[in-house]
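Quick notes on the structure that follows.
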Amino acid sequence: MSSDPSDRETAKPAVAVLGAGSWGTALAALIARHGHPTVLWGRDAATIAAIDARHENPRYLPGIPLPDSLRATTDLAAALAGCDLVLVVVPSHAFAETLHALAPLRPAHAGVAWATKGFEPGSGRFLHEVAGGILPADVPLAVVTGPSFAKEVAAGLPTALTVHADGAHPGSAGFAQQVADALHGPAFRAYTGEDMLGAELGGAMKNVLAVATGVADGMALGLNARAGLITRGLNEMLRLNVAIGGKAETLMGLAGLGDLVLTCTGDLSRNRRLGLALGRGQSIEDAVREIGQVVESIQTAEEVMRQAARHGIELPISSTVRDVLKGEITPTDGLRRLMAREQKPEYPQGLFGD
Ligand SMILES: NC(=O)C1=CN([C@@H]2O[C@H](COP(=O)(O)OP(=O)(O)OC[C@H]3O[C@@H](n4cnc5c(N)ncnc54)[C@H](OP(=O)(O)O)[C@@H]3O)[C@@H](O)[C@H]2O)C=CC1
Ligand SMILES: O=C(CO)COP(=O)(O)O
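Shown next, in the form of structure tokens:
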């Protein structure tokens, strides 16, 4: 990676991907396959050594060959040195800590994108608010989201997602395009948009709603119940999105409906699998241990309800998931509670009303 600005005009932008779990590894492999100099940073020395030497992430993507050109390191400064863009792919609980660590090491021209889904645990802040509070105001920011299981992307299966930047921020729209260009390729369509609020809300809420359909399927409630939960879940996303000021079309696209359908129906989803286990009577501790990877809904459910309370929005499915995840009610109690709700018009105040 050259630090000479004239080289940057001809070469493909160099990318530093931070977070060597399943999604960070899959995205780094994708970008490396597209010919970008790509370095993957992770904290686990054994995993990083395996990626660098054997071109495999045995912990998170076993058996999937990674490109020879993908470099991996545990040295954050080395990963960031000379990069043109940073892609953060750590879980939401590690997002702020990672932003603080990268801030003093980031090359001045490099924008920061993330593919993390969720809110800052404890405060419920959107991740773009967290990033904006840590990085200088002129740093371009973008969020990468949409229906995308890491395993399928790593295996080269066709995928579409979207990259949103803040349209009002100078330089951010161009940065979203730069990120999308790095992701876009023969088996991968990367769209762009200008609604970080809606994009982040969709990616966070679908994880909570995937638990709901997982629980229903684990309880063998049938396909009607699953479709009902997805549709009324989408309605919860749309209503909260209007309240926070997101754009409705964002939630009807890849960042909302697309990811909701994938996660609520696809058994590769860790959030859906958590719901399945709970619906079958397993404990949350055992289910999380068996899944062995990040299950964002556990923290996100609380933060979605914090947002809902802030805006005075009622979210029956999301709040039921939150209560089941906290162990305050059983899945059977949750089903009873949802089915006992008052009868009402499907859209009392129009499609996007409360
Ligand atoms: N997997 C997927 O299909 C998709 C995931 N996402 C999102 O991507 C984000 C990352 O998830 P994913 O890669 O799937 O998770 P995984 O469970 O596959 O991996 C988590 C990774 O994060 C690392 N990590 C955990 N805590 C820290 C920390 N404090 N500092 C640095 N690294 C840390 C882990 O390191 P270690 O192994 O050392 O614990 C591990 O490498 C989540 O927000 C998820 O919702 C979005 C779209 C698709
Ligand atoms: O975000 C994802 C797919 O778009 C991955 O979903 P899970 O985190 O539920 O596995």
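First residue of the sequence shown: 1156, per the working numbering; consecutive thereafter.
Built from N, CA and C at the ideal position, the CB exists for glycine as well.
Check: Thr1253 C-beta below 7 Å from any heavy atom of ligand 1
The residue given as residue 1253 occupies position 98 in the sequence shown. Yes, Cβ of Thr1253 sits closer than 7 Å to a heavy atom of ligand 1.
Touching by the beta-carbon criterion (3+ pairs, under 8 Å), the segment 1440 to 1456 and the segment 1395 to 1415
no
Could you check where the beta strand (DSSP E) with His1283 kicks off and where it finishes?
For the purposes of this step, residue 1283 is taken as residue 128 along the sequence shown, with counting starting at 1. Element bounds for His1283: not the beta strand (DSSP E) but the alpha helix (DSSP H), Leu1282 to Ile1289.
What number of angstroms, rounded off, separates the C-alpha of Ser1158 from the C-alpha of Arg1214?
Looking up residue 1158 in the sequence shown gives position 3. Looking up residue 1214 in the sequence shown gives position 59. With a pLDDT of 48 at Ser1158, under the threshold of 50, the modelled position of this residue cannot be trusted, and the question is left open.
Helix, strand or coil at Pro1220 [DSSP, three-state]
What you label residue 1220 is simply residue 65 of the sequence shown in a count that begins at 1. Coil.
Which same chain residues end up closer than 8 Å to Lys1167 when comparing Cβ atoms and leaving out the 5 residues on each side of it in sequence?
Within the sequence shown, the letter at position 12 stands for residue 1167. Correct list, in chain order: His1189, Gly1190, His1191, Pro1192 and Ala1337.
Arg1435 vs Ile1446 beta-carbon contact at 8 Å
The residue you call residue 1435 lines up with position 280 of the sequence shown. The residue you call residue 1446 lines up with position 291 of the sequence shown. No, Cβ-Cβ distance for Arg1435 and Ile1446 is not below 8 Å.
What three-state label does DSSP hand Asp1509 in the structure shown?
Numbered from its first residue, the sequence shown carries residue 1509 at position 354. Note that Asp1509 scores a pLDDT of 47, beneath 50, so its modelled location is shaky and nothing firm can be said.
Is any heavy atom of ligand 2 found at a distance shorter than 7 Å from the C-beta of Arg1427?
Within the sequence shown, residue 1427 is the residue found at index 272, counting from 1. Yes, ligand 2 has a heavy atom inside 7 Å of this Cβ.
What is the DSSP secondary structure of Pro1168, counted as helix, strand or coil?
Counting from 1 along the sequence shown, the entry for residue 1168 is found at position 13. Pro1168 falls in the coil class under three-state DSSP.
For His1264, name the three-state secondary structure that DSSP assigns.
Locating residue 1264 in the sequence shown gives position 109, where the first residue counts as 1. His1264 falls in the coil class under three-state DSSP.
Within the segment 1427 to 1452, ranges of the alpha helix (DSSP H) (whole runs, at least 4 residues):
1439 to 1446
Report yes if the CB atom of Val1298 is closer than 8 Å to the CB atom of Ala1268, and no otherwise.
Against the sequence shown, residue 1298 aligns to sequence position 143. Against the sequence shown, residue 1268 aligns to sequence position 113. Yes. Within cutoff.
Going by DSSP, what residues sit across from Leu1235 in a beta bridge?
Counting from 1 along the sequence shown, the entry for residue 1235 is found at position 80. Looking at the DSSP assignment, Leu1235 forms no beta bridge with any residue, so it has no partner.
Indicate the three-state DSSP secondary structure (helix, strand or coil) for His1324 in the structure shown.
Indexing the sequence shown from 1 puts residue 1324 at position 169. Correct three-state label for His1324: coil.
For Thr1271, the three-state DSSP class (helix, strand or coil)
For the purposes of this step, residue 1271 is taken as residue 116 along the sequence shown, with counting starting at 1. In this structure, Thr1271 counts as coil in the three-state DSSP scheme.
Spatial neighbours of Gly1176 in its chain, beta-carbon cut-off 6 Å, leaving aside the 5 residues before and after
Taking the first residue of the sequence shown as 1, we reach residue 1176 at position 21. If we look at Gly1176 and ignore the five residues flanking it on each side, its Cβ neighbours are Tyr1215.
When the Cα of Gly1489 is compared with those of Leu1406, Met1374 and Gly1179, which residue comes out closest?
For the purposes of this step, residue 1489 is identified with residue 334 of the sequence shown, where counting begins at 1. If we check each option's Cα against that of Gly1489, Met1374 comes out closest.
Since I believe Ala1331 is in contact with Thr1347 (beta carbons under 8 Å), could you give me their beta-carbon distance rounded to a whole number of angstroms?
Taking the sequence shown and counting its residues from 1, the one referred to as residue 1347 is at position 192. Taking the sequence shown and counting its residues from 1, the one referred to as residue 1331 is at position 176. Confirmed, about 5 Å.
At a cut-off of 7 Å, is Tyr1346 close to ligand 1 when judged by its beta-carbon and the heavy atoms of the ligand?
For the purposes of this step, residue 1346 is taken as residue 191 along the sequence shown, with counting starting at 1. No, Cβ of Tyr1346 sits at least 7 Å from all heavy atoms of ligand 1.
Does Ser1161 pass the burial test, meaning 16 or more other C-beta atoms within 10 Å, or should it be called exposed?
Residue 1161 sits at position 6 when you count from the first residue of the sequence shown. Low confidence applies to Ser1161: its pLDDT is 49, below 50, so where it sits in the model is not reliable, and the reading given next is rough at best. So Ser1161 ends up on the exposed side.
Runs of alpha helix (DSSP H) lying entirely within the segment 1364 to 1397, each at least 4 residues, in chain order
none
Is the beta carbon of Asn1426 closer than 8 Å to that of Asn1379?
Against the sequence shown, residue 1379 aligns to sequence position 224. Against the sequence shown, residue 1426 aligns to sequence position 271. The answer is no: Cβ separation not under 8 Å.
Could you tell me whether any non-hydrogen atom of ligand 3 is closer than 7 Å to the CB of Leu1412?
Although ligand 3 was asked about, the structure shown includes only ligand 1 and ligand 2 as ligands.
Environment of Gly1377 [buried if 16+ CB atoms lie within 10 Å]
Here residue 1377 refers to the residue found at position 222 of the sequence shown. Flag for Gly1377 reads exposed.
Can you tell me whether Gly1174 is helix, strand or coil according to DSSP?
The residue given as residue 1174 occupies position 19 in the sequence shown. If DSSP states are grouped into helix, strand and coil, Gly1174 belongs with coil.
Output the residue ranges of the alpha helix (DSSP H) runs that lie fully inside the segment 1303 to 1362 and measure 4 residues or longer, sorted by chain position.
1305 to 1309 and 1327 to 1338
Based on the DSSP secondary-structure assignment, which residues constitute the bridge partners of Thr1300?
In the sequence shown, residue 1300 corresponds to position 145, counting from 1. Note: Thr1300 sits in a beta bridge opposite Thr1317.
Assign Arg1496 to one of two classes, buried (16 or more other C-beta atoms within 10 Å of its C-beta) or exposed (fewer than that).
By 1-based counting over the sequence shown, the position of residue 1496 is 341. Answer is exposed; the Cβ neighbour count stays below 16.
Is it buried or exposed, Glu1501, if we count other Cβ atoms within 10 angstroms and call 16 or more buried?
For the purposes of this step, residue 1501 is taken as the residue at position 346 of the sequence shown. Exposed, because fewer than 16 other Cβ atoms sit within 10 Å of the Cβ of Glu1501.
For Gly1279, which residues from the same chain have a beta carbon less than 7 Å from its beta carbon, with the 5 sequence-adjacent residues on both sides left out?
Start at 1 with the first residue of the sequence shown, and residue 1279 comes out as number 124. Result list for Gly1279: Glu1458, Arg1461 and Gln1462, in chain order.
Please name the residue or residues paired with Pro1503 in a DSSP beta bridge.
Walking along the sequence shown from the start, residue 1503 turns up at place 348. Note: Pro1503 sits in a beta bridge opposite Gly1505.
Beta-carbon proximity of Ala1354 to Thr1405, cut-off 8 Å:
Against the sequence shown, residue 1354 aligns to sequence position 199. Against the sequence shown, residue 1405 aligns to sequence position 250. Against a cut-off of 8 Å, the Cβ pair of Thr1405 and Ala1354 comes out as a contact.
If you draw a straight line from the C-alpha of Leu1235 to the C-alpha of Ala1183, how long is it?
Walking along the sequence shown from the start, residue 1235 turns up at place 80. Walking along the sequence shown from the start, residue 1183 turns up at place 28. Leu1235 and Ala1183: Cα-Cα distance of roughly 14 Å.
I need the DSSP call for Thr1180, collapsed to helix, strand or coil.
Taking the sequence shown and counting its residues from 1, the one referred to as residue 1180 is at position 25. Here Thr1180 sits in helix by DSSP.
Count Cβ pairs between the segment 1472 to 1488 and the segment 1299 to 1311 that sit closer than 8 Å; are there 3 or more?
no
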